[in-house]
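Residue numbers (the working numbering): 2 to 168. Yeah, the Cβ is synthetic: ideal placement off N, Cα and C, and Gly gets one too.
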Amino acid sequence: MKYARYVIAISVLFLGLCSGAMGQETKLETAVTETKQEAKPEAKQGTHEGPEVKEKRVVATIGADGVQRVELIGDSYSFDPNYIVVKVNVPVELAVKKAPGITPHDIVVKAPEAGIDFKTDLNDKKPELIKFTPTKVGKYALYCGKKLWWFKSHRERGMEGVIEVVE
Ligand SMILES: [Cu+2]
C-alpha cells in the first residue's frame, strides 16, 4: 500500500488532464470570441483619432499672474485630459504627472512652428512643469513617445491627444 498515494496522485493528474482537454474546446471558443471583440477597437485605433479614445476636454484657466495652467495625468495608455484648449500668445504651464505604475511614459509635442516643442519623461512622484507660449492658432498632436520592442507604440494604443490653440 506504499504506492497507493502515488496511484491516487497519478489518477488525479490523469483525470485532470482529461477534463482539461475536454475543457479546451470551450476555452478555444471563448478565445475566438474575445479576439473578434478586440479586433474592432484596433481597427479604429489606426486612424489615431477614432471615437474609441474618449475625449476629455479641458480649457486652461488663466491665473492672476496671466499664466494659463493645466494639470495632466499620463496613464497606461491615455492622457487625462486628452484635449487641452489654450489661448494664443499667453504663457502656458502644463503640470504633467504619471499615474503610479512601472510602465514609463513621456509627453511629446512637436509643433515648433507654434512655439510648442517638448519631450518630457513623466514620473509619478511629482509633476513635471512644462512651460511654453503658443504663438499660432491650430490643433497640435500631443502623445507619448514610448514604444517597447516590437509592441505597438503607446501612441498607437491610444496615448495621445490634442492641444488646441485658440484666439
Ligand atoms: Cu506612454
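Report the partner residues of residue i according to the DSSP bridge assignment.
{"i": "Ile103", "result": "DSSP lists no partner for Ile103."}
{"i": "Val167", "result": "Lys88"}
{"i": "Gly162", "result": "Leu143"}
{"i": "Phe119", "result": "Val110"}
{"i": "Phe133", "result": "Val93"}
Using 10 angstroms around the beta-carbon of residue i, count the other beta-carbons present and answer buried if the total reaches 16, otherwise exposed.
{"i": "Gln38", "result": "Bear in mind that a pLDDT of 40 at Gln38, under 50, signals an unreliable position, so the number given afterwards is only what the model happens to contain. Exposed, because fewer than 16 other Cβ atoms sit within 10 Å of the Cβ of Gln38."}
{"i": "Phe152", "result": "exposed"}
If I follow the unbroken beta strand (DSSP E) through residue i, where does it start and stop?
{"i": "Tyr141", "result": "Gly139 to Tyr144"}
Taking 8 Å as the threshold (C-beta atoms), are residue j and residue i in contact?
{"i": "Leu149", "j": "Ile108", "result": "no"}
{"i": "Val87", "j": "Pro128", "result": "no"}
{"i": "Gly102", "j": "Cys145", "result": "no"}
{"i": "Gly139", "j": "Ala100", "result": "no"}
{"i": "Tyr84", "j": "Ala112", "result": "no"}
{"i": "Val89", "j": "Val167", "result": "yes"}
{"i": "Glu94", "j": "Leu130", "result": "yes"}
{"i": "Lys147", "j": "Pro82", "result": "no"}
{"i": "Ile63", "j": "Val91", "result": "yes"}
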